[in-house]
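In what follows, a single structure is set out as structure tokens and then discussed.
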Amino acid sequence: MTGPIAPPWVDDLFPFATPPALRVLIDSAWQHAYDTLLETGQYDRTLVESHYDFMFDLVAAPRPCDDWEQYPPPDDDRRLPVPLFATPEFVPFGALGTGAYVGWLVPAPELGRADHPVALAGGHEHGVTFIGPDTRSGLEFMLSWALRRLRERDAPPAQGRDLVGRLAEELRVRPDPDRNYPGSSWHDSAVMSDDEFDIVFDIPHGWRNDPGYDGIGVLAPAAAFDIGEPFAPGDEPSLKETLAAARRALAAGHPATALLVLMDAFATSPTCRFAELRPMWARAYRDLGRAAYAERLDAMAADYPDSCACPAPH
């Protein structure tokens, strides 16, 4: 016998509508938190966030209804984190508790797509690990990974296996701890990125995608790119060279080229350069109509010191 059904939750968690596959998970976690509310009189958002902690913690939970008492106190900061070494194009939905996140790759938010490729951002180095072309596929990978970790325990808890099985049925996926997924490989219970794998985005007519050093790169209208010789800075360009190349591209009306130059510099340079890359990086986003990504750069600033003692030329 089932109890009362939770009221609908407001879908304002991400910069776009939550893809249906992730809604399945949030619906179940929301119902669990509502059942607890009926017992205790309090809405505890941490019950939503940690409901699937055998895979990840949700980085955002629905707001409570207006008449609900809530605990912990409400958090009005709804900004999504940007993992260390990631760029604003990575939009997380789950935290792995190690500094790593699982999330979507959204190189051109203005396209308004209903779903996005899914990847892991490790939080310790540049680049991402592709784990699925859409949310459902990415969640199947995460369930397979959970099964792999459970299998390595001497006595894997039945509850964990049962929860994986229930979620797999609800999502209509078939997780397999021994399956090889494009973009990654297994090393015991760890996930390794396949450096030979190229992430391919759906490119609209008249658009272009330049992958760049991080594998995501820039997806934008072809007219926003410079058709001349690409900037070839070598392995360790000076900051002066990088900023000059980006400035020329912006002045010529090619913000996509400027963005690629700056993102490549971020991926190949000491992190202390972030503060000096950031103003022009933000302008490139704004010139492309991606002001929200410029704001995500602001959120990243606290993670990158603007001074250091590294030997790199500044």
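Following the numbering used here, the numbering of the sequence shown begins with 266 at its first residue and continues without gaps.
By construction, the Cβ of each residue, glycine as well, lies at the ideal position given by its N, Cα and C atoms.
| Item | Value |
| --- | --- |
| Counted within 10 angstroms of its Cβ, other Cβ atoms place residue 336 as buried (16 or more) or exposed | exposed |
| C-alpha gap between residue 382 and residue 442, whole angstroms | 21 Å |
| Helix, strand or coil at residue 571 according to DSSP, with G and I counted as helix | coil |
| Buried/exposed call for residue 353, threshold 16 Cβ in 10 Å | buried |
| Run of the beta strand (DSSP E) containing residue 356, from where it starts to where it stops | 355-360 |
| 3 or more residues per run - each beta strand (DSSP E) lying fully within the stretch 451-481 | 455-458 and 472-475 |
| Distance between residue 466 and residue 349 (C-alpha atoms, nearest Å) | 23 Å |
| Close-in-space but distant-in-sequence residues of the same chain around residue 412 (CB under 8 Å, 5 per side omitted) | 426, 429, 440, 441 and 442 |
| Neighbour-count burial assignment, residue 379, 16 or more Cβ in a 10 Å radius | exposed |
| Residues that residue 366 bridges to, as DSSP identifies them | 360 and 386 |
| Selection from 302, 400 and 304 that minimises the alpha carbon distance to residue 282 | 400 |
| Proximity winner among 284, 279, 280 and 315, relative to residue 295 (alpha-carbon distances) | 315 |
| Residues near residue 564 by beta carbon distance below 7 Å, same chain, minus five either side | 344 and 347 |
| Where residue 483 falls: helix, strand or coil (DSSP) | strand |
| Pair within 8 Å by beta-carbon distance, residue 489 and residue 519 | yes |
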